[in-house]
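Asks: If you scroll down you'll find the structure; I have some questions about it.
Numbering (the working numbering), first residue to last: 520 to 721.
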C-alpha cells in the first residue's frame with residue numbers, strides 16, 4: 520500500500536520489528552529510513568482507520584453528530600498528539616544534549632505510535648469491547664511508554680536518564696497543552712452557545 524509515495528507496508532514491517540524486538544538497536548536500524556513527512560502519513564493512516572471505526576459507531580449511537588465527532592476525535596486528535604509529542608521530544612532532547620534530528624525523532628516515534636494507535640483506537644471506539652479490554656489497553660499504554668523511551672534514546676542519542684527526563688517532560692507538557700486547548704475550546708463553545716441564545720432560559 521502506497522500513500523503519497525510512502526510505502527505503508529515497509530513501515531509496517533519496521534513496526535513489527537521494533538514491537539517484537541524492542542531495543543535501542545532495533546530503532547537505530549530504521550531511524551534514517553524516513554522523516555517527518557513519512558511519520559505523519561503513517562500515523563495519519565492509522566488514525567484514519569481508528570477514526571472510521573469511531574465514526575461508524577458514533578453514527579449508530581449519536582447520529583450525524585456522532586459520525587462527525589468520531590472522525591474528528593479519531594483522526595485529528597491522534598495526529599495532533601503525535602506531532603506535539605514528537606516535536607517536544609526533539610526540542611527537550613536537544614536541551615538535554617541530544618544530537619538527533621527532527622526527522623529521526625518523527626520517524627522512529629511513528630513506528631510504534633501508528634500500530635498501537637490503530638489497535639487501541641479501534642478497540643476504544645467499540646462500546647463494551649473497550650470495557651472488556653481495559654486491562655489490556657492499560658498494559659499496551661505502559662508498553663508504549665517504554666517504546667517511547669527506547670525510541671528517544673535512539674533518535675536523540677541520549678543516555679538512560681536524559682531519555683527518561685525527555686519523555687516525562689514531553690508528556691507533562693502535552694498534558695498541559697491539552698488542558699489549555701480543552702479550556703479554550705470549552706470557552707469558545709460556551710460563548711457560541713450564549714450568543715445563539717442556547718443558554719438563555721425559555
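Here a beta-carbon is modelled for each residue, glycine too, at the ideal position from N, C-alpha and C.
Only a predicted model underlies this, so the values are computations on that prediction, with no experimental measurement involved.
Looking at the strands, I want to know which residues DSSP matches up with residue 521.
Replies: Within the chain shown, residue 521 is the residue found at index 2, counting from 1. Its beta-bridge partners are 526.
Asks: If contacts are defined as beta-carbon pairs under 8 Å, then residue 522 and residue 560 qualify, I think. What distance do you get, rounded to the angstrom?
Replies: Taking the chain shown and counting its residues from 1, one reaches residue 522 at position 3. Taking the chain shown and counting its residues from 1, one reaches residue 560 at position 41. Their Cβ separation, rounded to whole angstroms, is 6 Å, which keeps residue 522 and residue 560 in contact under 8 Å.
Asks: Assign residue 718 to buried or exposed, taking buried as 16 or more other Cβ atoms, counted over all protein chains shown, within 10 Å of its Cβ.
Replies: As a first step, residue 718 is located in the chain shown; it is residue number 199 there, counting from the start. Residue placement at residue 718 is flagged as unreliable, the pLDDT there being 48, under the threshold of 50; the coordinate-derived value follows with that caveat. Label assigned to residue 718: exposed.
Asks: Identify whether residue 622 lies in helix, strand or coil by the three-state DSSP scheme.
Replies: Position 103 of the chain shown, counted from the first residue, corresponds to residue 622. Looking at residue 622 - three-state DSSP - the assignment turns out to be helix.
Asks: Compare the Cα-Cα distances from residue 543 to each of 684, 674, 609 and 591 and report the closest residue.
Replies: Residue mapping note: residue 543 aligns to position 24 of the chain shown, counting from 1. Residue 674 is the option with its Cα nearest to residue 543.
Asks: Whole-angstrom Cβ separation of residue 573 and residue 598, contact assumed at under 8 Å?
Replies: As a first step, residue 573 is located in the chain shown; it is residue number 54 there, counting from the start. As a first step, residue 598 is located in the chain shown; it is residue number 79 there, counting from the start. Going by Cβ atoms, the distance from residue 573 to residue 598 rounds to 14 Å, so no, they are not a contact pair.
Asks: So residue 630 packs on residue 549, CB below 8 Å; how close in whole Å?
Replies: One-based indexing of the chain shown puts residue 630 at position 111. One-based indexing of the chain shown puts residue 549 at position 30. The Cβ separation is near 6 Å, so the contact holds.
Asks: Run through the region 635-703 for me and flag every whole alpha helix (DSSP H) of 4 or more residues, listed as ranges in chain order.
Replies: Taking only runs of at least 4 residues, the alpha helix (DSSP H) segments lying wholly in the region 635-703 are 648-651 and 653-675.
Asks: Can you give the Cα-Cα distance for residue 636 and residue 551, rounded to whole angstroms?
Replies: Working through the chain shown from its first residue, we reach residue 636 at position 117. Working through the chain shown from its first residue, we reach residue 551 at position 32. Taking the straight line from one Cα to the other gives about 22 Å.
Asks: Around the Cβ of residue 524, are there at least 16 other Cβ atoms within 10 angstroms (buried) or fewer (exposed)?
Replies: Residue numbering aside, residue 524 sits at position 5 when the chain shown is read from its first letter. It counts as exposed.
Asks: Taking 7 Å as the threshold (C-beta atoms), are residue 670 and residue 628 in contact?
Replies: Numbered from 1 along the chain shown, position 109 holds the residue referred to as residue 628. Numbered from 1 along the chain shown, position 151 holds the residue referred to as residue 670. Taking 7 Å as the Cβ cut-off, residue 628 and residue 670 qualify as a contacting pair.
Asks: Considering just the uninterrupted stretch of the alpha helix (DSSP H) at residue 548, what are its terminal residues?
Replies: Taking the chain shown and counting its residues from 1, one reaches residue 548 at position 29. Residues 543-549.
Asks: When you compare only the Cα positions, how much space is there between residue 682 and residue 595?
Replies: Taking the first residue of the chain shown as 1, we reach residue 682 at position 163. Taking the first residue of the chain shown as 1, we reach residue 595 at position 76. About 27 Å.
Asks: Could you compute how far the alpha carbon of residue 668 sits from the alpha carbon of residue 686?
Replies: For this step, residue 668 is matched to residue 149 along the chain shown. For this step, residue 686 is matched to residue 167 along the chain shown. Residue 668 and residue 686: Cα-Cα distance of roughly 6 Å.
Asks: Using only CA atoms, which one of 602, 547 and 705 lies nearest to residue 676?
Replies: Locating residue 676 in the chain shown gives position 157, counting from the first residue. If we check each option's Cα against that of residue 676, 547 comes out closest.
Asks: Cβ of residue 641 within 7 Å of Cβ of residue 688?
Replies: Taking the chain shown and counting its residues from 1, one reaches residue 641 at position 122. Taking the chain shown and counting its residues from 1, one reaches residue 688 at position 169. Cβ atoms of residue 641 and residue 688: not closer than 7 Å.
Asks: DSSP three-state label for residue 552, please.
Replies: Position 33 of the chain shown, counting from 1, holds the residue named residue 552. Residue state, collapsed to three classes: coil.
Asks: Consult DSSP for residue 563 and reduce its assignment to one of helix, strand or coil.
Replies: Here residue 563 refers to the residue found at position 44 when the chain shown is read from its first residue. In this structure, residue 563 counts as helix in the three-state DSSP scheme.
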